[in-house]
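Notes for the one structure printed next.
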Amino acid sequence: MKYDRSGEWTSARAVAEIPMGRRSFLKAAAGAAVGMGLGSLLSEIPGGPAYGAEPPTHVVFGTTSEIETADPHVKYAVSAYPVSLNLYDNLLRFQGNPPRVVPWLAESYEVSPDGLTWTFRLRRGVQFHDGGELTAESVVYSMDRMLSMNKDPAGVFKPAIKPGATRARDRYTVEMRLYQPFAPFLSIIPILSVVNEKIVKGQEKSGDWGAEWLRDHEAGSGSFILERYAPATGLTMRRFERYWRGWAGEHVRSAEVKVLREVSTQILNIGKGNTHMTHTILPPDAFRQMAKMEGVTVVEDQTLRTFVIRMHNQRPPLSDPEVRRAISYAFDYDGFIKGVMGGVAVRNPGPIPVNLWGSPRELKGYSFDLDKAREHLAKAKLKVSRPLEMLAISGTAISEQAGLLLQSNLKKIGIDLKLRNVTFPQIAASGKSQETAADLTAHWMSAYYPDPDNWIGQMYDSKKWGTWQALSYYKSETMDRILSEARQVTSQQKREALYQQASR
Numbered sequence: 247m248k249y250d251r252s253g254e255w256t257s258a259r260a261v262a263e264i265p266m267g268r269r270s271f272l273k274a275a276a277g278a279a280v281g282m283g284l285g286s287l288l289s290e291i292p293g294g295p296a297y298g299a300e301p302p303t304h305v306v307f308g309t310t311s312e313i314e315t316a317d318p319h320v321k322y323a324v325s326a327y328p329v330s331l332n333l334y335d336n337l338l339r340f341q342g343n344p345p346r347v348v349p350w351l352a353e354s355y356e357v358s359p360d361g362l363t364w365t366f367r368l369r370r371g372v373q374f375h376d377g378g379e380l381t382a383e384s385v386v387y388s389m390d391r392m393l394s395m396n397k398d399p400a401g402v403f404k405p406a407i408k409p410g411a412t413r414a415r416d417r418y419t420v421e422m423r424l425y426q427p428f429a430p431f432l433s434i435i436p437i438l439s440v441v442n443e444k445i446v447k448g449q450e451k452s453g454d455w456g457a458e459w460l461r462d463h464e465a466g467s468g469s470f471i472l473e474r475y476a477p478a479t480g481l482t483m484r485r486f487e488r489y490w491r492g493w494a495g496e497h498v499r500s501a502e503v504k505v506l507r508e509v510s511t512q513i514l515n516i517g518k519g520n521t522h523m524t525h526t527i528l529p530p531d532a533f534r535q536m537a538k539m540e541g542v543t544v545v546e547d548q549t550l551r552t553f554v555i556r557m558h559n560q561r562p563p564l565s566d567p568e569v570r571r572a573i574s575y576a577f578d579y580d581g582f583i584k585g586v587m588g589g590v591a592v593r594n595p596g597p598i599p600v601n602l603w604g605s606p607r608e609l610k611g612y613s614f615d616l617d618k619a620r621e622h623l624a625k626a627k628l629k630v631s632r633p634l635e636m637l638a639i640s641g642t643a644i645s646e647q648a649g650l651l652l653q654s655n656l657k658k659i660g661i662d663l664k665l666r667n668v669t670f671p672q673i674a675a676s677g678k679s680q681e682t683a684a685d686l687t688a689h690w691m692s693a694y695y696p697d698p699d700n701w702i703g704q705m706y707d708s709k710k711w712g713t714w715q716a717l718s719y720y721k722s723e724t725m726d727r728i729l730s731e732a733r734q735v736t737s738q739q740k741r742e743a744l745y746q747q748a749s750r
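When we follow my numbering, the leftmost residue of the sequence shown carries the number 247, and every step to the right adds one.
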């Protein structure tokens with residue numbers, strides 16, 4: 247199979263586009279978010295970025311999430327997008343709504359009939375920020391570095407490719423050899439950021455792949471150059487004048503990502519014009535408030551972003567399915583959608599978003615029923631004899647209010663729920679082990695690639711234990727087998743049947 251500019255692959259991921267003069271900075275603000283969870287599951291519809299109407303030469307983007315590192319091969323989270331999409335380039339990228347995979351650094355690619363060999367042909371003359379040329383060796387080094395460091399992004403590629411399986415056939419041709427068929431491979435290629443191998447190699451210490459240096463520096467070819475980086479406060483970037491896509495027309499000259507943790511601060515800064523955009527998870531009334539401000543436009547679009555409340559499947563008493571069922575019946579789904587979300591969300595009863603292929607249409611999900619909650623609690627072999635702890639994302643009213651709503655209802659059936667508001671990086675860190683994961687965790691999940699594997703595969707496959715995506719620590723040999731098969735078959739019809747089976 248061969249693909250070029252005219253053979254673009256389409257998917258169901260939703261992306262909000264922002265009509266302002268720019269290159270990839272605003273795409274970082276507009277990346278779609280999706281996800282799923284073991285208990286309650288909601289799928290948000292609107293909630294696109296808000297931005298000032300007049301396009302400035304310096305753009306400030308507000309976010310509640312600190313940018314933990316500038317290294318594109320370490321983090322696999324929405325907070326990493328300002329780095330990966332602005333400072334670096336990828337072989338392919340997603341554009342449009344619904345999104346489609348489009349050529350980026352790779353002008354074209356082809357796949358062998360067995361699906362194991364992927365060949366990418368690169369653009370010539372692409373410059374890194376230091377003036378050096380981006381070549382096939384840059385891609386080889388970047389893939390091997392990401393896989394060998396074995397951080398979050400590597401987990402997505404590990405079922406398909408190993409270090410050393412990427413080679414340069416010539417200066418502008420890259421070949422990747424998979425060790426088994428992997429149906430979502432095209433969807434995950436945009437996750438790989440290409441780094442300047444000469445610069446990073448020069449900063450390596452004791453075989454660390456230059457990780458210490460790249461944590462607060464950059465070595466990319468993206469449309470912006472890093473000027474200042476501070477995890478807790480944000481980063482500033484200036485335009486890369488020799489960017490390979492050019493700068494014809496009106497575009498911003500510099501950009502800043504500013505960490506503003508409180509919702510009220512986000513709204514205040516938008517109103518004063520101190521920030522021009524926000525893609526923070528704000529409550530619906532905040533968007534309505536900003537829409538009334540002079541010079542501010544709120545872009546609404548459908549998205550696959552979902553809100554989840556997840557339960558620790560391995561820790562007593564939640565290791566008892568009856569306890570988990572009781573808690574699932576104790577959440578007021580309709581009350582949350584109408585009261586907290588302002589009616590801008592729909593129920594998503596399965597692990598895959600309802601507007602993506604692979605999601606069974608007949609699933610009903612749990613309903614709010616305290617009598618049924620009590621019945622299941624009475625059937626439980628393990629009694630809830632201690633307070634349960636729930637983590638929620640601080641500064642996001644939706645997450646905090648969901649916790650309060652569940653806390654109130656659980657109290658009615660005799661369960662004490664303690665709430666703790668923390669940052670998302672703390673939530674992600676908590677999921678790294680069974681010991682540190684909380685009993686329950688409320689947060690939003692994001693789409694990193696538009697394939698059911700992004701949801702059910704990352705969350706329910708026990709081989710993913712130790713990643714924050716799998717912090718519920720679900721375990722089923724049947725589920726593991728189905729998910730493994732769904733990744734390897736090339737027929738989308740067969741894959742859809744498998745994902746529907748797994749979702750039920």
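Where a beta carbon is used, it is the ideal one built from N, C-alpha and C, also for glycine. Source: prediction; values computed, not measured.
6 Å CB neighbourhood of residue 401 in its chain, flanking five on each side removed: One-based indexing of the sequence shown puts residue 401 at position 155. Cβ within range, chain order: 713.
Checking 8 Å against the spacing of the C-beta atoms, do residue 551 and residue 692 come in under that value? As a working mapping, residue 551 is identified with position 305 in the sequence shown. As a working mapping, residue 692 is identified with position 446 in the sequence shown. For residue 551 and residue 692, yes; Cβs fall inside 8 Å.
When the Cα of residue 576 is compared with those of 347, 588, 662 and 352, which residue comes out closest? Within the sequence shown, residue 576 is the residue found at index 330, counting from 1. Comparing Cα positions, the closest option is 662.
Helix, strand or coil at residue 424 according to DSSP, with G and I counted as helix: Counted from its first residue, the sequence shown places residue 424 at position 178. Note: residue 424 maps to coil in three-state DSSP.
DSSP on residue 749, reduced to helix/strand/coil? Residue 749 sits at position 503 when you count from the first residue of the sequence shown. Looking at residue 749 - three-state DSSP - the assignment turns out to be helix.
Should residue 695 and residue 434 be called a contact, given that it needs their Cβ atoms to be closer than 8 Å? Sequence index remark: in the sequence shown, residue 695 carries index 449 (1-based). Sequence index remark: in the sequence shown, residue 434 carries index 188 (1-based). Cβ distance < 8 Å, so residue 695 and residue 434 count as in contact.
List, from N- to C-terminal side, the alpha helix (DSSP H) runs of 4 residues or more that fit wholly inside the region 424-490. 431-434, 443-448 and 457-460
Separation of residue 738 from residue 287, as counted between CA atoms: Taking the sequence shown and counting its residues from 1, one reaches residue 287 at position 41. Taking the sequence shown and counting its residues from 1, one reaches residue 738 at position 492. Confidence in residue 287 is poor, its pLDDT being 34 and thus under 50, which makes the residue's placement too unreliable to answer from.
Would you be able to state if there are at least three C-beta pairs under 8 Å between the region 672-688 and the region 576-592? no
Mapping DSSP to helix, strand and coil, what is residue 591? Position 345 of the sequence shown, counted from the first residue, corresponds to residue 591. Here residue 591 sits in strand by DSSP.
To the nearest angstrom, how far is the alpha carbon of residue 283 from that of residue 399? Indexing the sequence shown from 1 puts residue 283 at position 37. Indexing the sequence shown from 1 puts residue 399 at position 153. Confidence at residue 283 is low in this model, with a pLDDT of 24, below 50, so the placement of that residue is unreliable and no value is reported for it.
Between 327, 304 and 319, which lies nearest to residue 312 when the distance is taken from Cα to Cα? Locating residue 312 in the sequence shown gives position 66, where the first residue counts as 1. The residue with the shortest Cα to Cα distance from residue 312 is 327.
Beta-carbon within less than 7 Å of residue 578's beta-carbon, same chain only, minus the 5 sequence neighbours each way: which residues are those? Residue 578 sits at position 332 when you count from the first residue of the sequence shown. Cβ within range, chain order: 614, 651 and 655.
Taking Cβ to Cβ, would you say residue 507 is nearer than 8 Å to residue 308? Translated into positions along the sequence shown, residue 507 becomes position 261. Translated into positions along the sequence shown, residue 308 becomes position 62. For residue 507 and residue 308, no; Cβs fall outside 8 Å.
Reduced DSSP secondary structure (H/G/I, E/B, other) of residue 799: Since the displayed the chain opens at 247 and closes at 750, residue 799 lies outside it and no answer follows.
Buried or exposed by the 16-neighbour rule on C-beta atoms within 10 Å, applied to residue 559: Here the question's residue 559 lines up with position 313 in the sequence shown. When all chains shown are included, residue 559 counts as buried.
So, with DSSP's three-state summary, where would you put residue 534? Walking along the sequence shown from the start, residue 534 turns up at place 288. Three-state DSSP puts residue 534 in a helix.
Could you give the first and the last residue of the continuous alpha helix (DSSP H) run that contains residue 417? In the sequence shown, residue 417 corresponds to position 171, counting from 1. Here residue 417 belongs to no alpha helix (DSSP H), and DSSP marks it neither H nor E.
What is the DSSP secondary structure of residue 215, reduced to helix, strand or coil? What the structure shows of the chain is the stretch from 247 to 750, and residue 215 is not part of that stretch, so it cannot be assessed.
Runs of alpha helix (DSSP H) lying entirely within the region 690-734, each at least 4 residues, in chain order: 702-706 and 723-734
Nearest by alpha-carbon distance to residue 432: which of 671, 529 and 361 is it? Taking the first residue of the sequence shown as 1, we reach residue 432 at position 186. Cα-wise, what sits closest to residue 432 is 361.
Relative to the C-alpha of residue 671, which residue among 733, 664, 683 and 665 is closest? Taking the sequence shown and counting its residues from 1, one reaches residue 671 at position 425. Of 733, 664, 683 and 665, the residue nearest in Cα terms is 683.
Neighbourhood of residue 364 by C-beta, 6 Å cutoff - its chain only, sequence neighbours within 5 removed: The residue labelled residue 364 in the question sits at position 118 within the sequence shown. Excluding positions up to five away in sequence, the list reads 357 and 422.
Taking just the CA atoms, how far does residue 467 sit from residue 492? Within the sequence shown, numbered from 1, the residue matching residue 492 stands at position 246. Within the sequence shown, numbered from 1, the residue matching residue 467 stands at position 221. About 12 Å.
When you compare the CB positions of residue 332 and residue 469, do they come within less than 8 Å of one another, or not? Counting from one through the sequence shown, the residue named residue 332 turns up at place 86. Counting from one through the sequence shown, the residue named residue 469 turns up at place 223. The answer is yes: Cβ separation under 8 Å.
If you draw a straight line from the alpha carbon of residue 749 to that of residue 489, how long is it in whole angstroms? Residue numbering aside, residue 749 sits at position 503 when the sequence shown is read from its first letter. Residue numbering aside, residue 489 sits at position 243 when the sequence shown is read from its first letter. When rounded, the distance between both Cα atoms is 44 Å.
Taking the straight line between their C-alpha atoms, what separation do you get for residue 412 and residue 425? Stepping through the sequence shown from its first residue, residue 412 is reached at position 166. Stepping through the sequence shown from its first residue, residue 425 is reached at position 179. Each residue's alpha carbon lies about 11 Å from the other.
Just the Cα atoms here: how many angstroms apart are residue 481 and residue 727? One-based indexing of the sequence shown puts residue 481 at position 235. One-based indexing of the sequence shown puts residue 727 at position 481. Approximately 43 Å, taken between the alpha carbons.
Leaving out five residues before and five after residue 445 in sequence, what residues of the same chain have Cβ atoms less than 7 Å from its Cβ? Residue 445 sits at position 199 when you count from the first residue of the sequence shown. Cβ neighbours of residue 445 beyond the five flanking positions: 376 and 465.
Considering only C-alpha positions, which residue in the set 597, 455, 417 and 529 is nearest to residue 393? As a first step, residue 393 must be located in the sequence shown, where it is residue number 147. Ranking the options by Cα distance to residue 393, first place goes to 455.
Which class does residue 511 belong to by DSSP, given the choice of helix, strand or coil? Within the sequence shown, the letter at position 265 stands for residue 511. Here residue 511 sits in helix by DSSP.
Alpha carbon of residue 740 to alpha carbon of residue 405, nearest angstrom: Counting from one through the sequence shown, the residue named residue 740 turns up at place 494. Counting from one through the sequence shown, the residue named residue 405 turns up at place 159. Answer to the nearest angstrom: the Cα atoms are 19 Å apart.
Tell me where the alpha helix (DSSP H) around residue 404 begins and ends. Looking up residue 404 in the sequence shown gives position 158. Careful: residue 404 lies outside any alpha helix (DSSP H) and carries neither H nor E.
To the nearest angstrom, how far is it from the Cα of residue 599 to the Cα of residue 521? As a position in the sequence shown, residue 599 is number 353, starting the count at 1. As a position in the sequence shown, residue 521 is number 275, starting the count at 1. Using only the alpha carbons, I get a separation of about 32 Å.
Just to confirm the assignment, what range does the beta strand (DSSP E) spanning residue 670 have? Counting from one through the sequence shown, the residue named residue 670 turns up at place 424. From DSSP, residue 670 is part of no beta strand (DSSP E) but of the alpha helix (DSSP H) over 670-676.
Backbone CA spacing between residue 733 and residue 541 [nearest angstrom]: In the sequence shown, residue 733 corresponds to position 487, counting from 1. In the sequence shown, residue 541 corresponds to position 295, counting from 1. Distance between the alpha carbons of residue 733 and residue 541 is about 47 Å.
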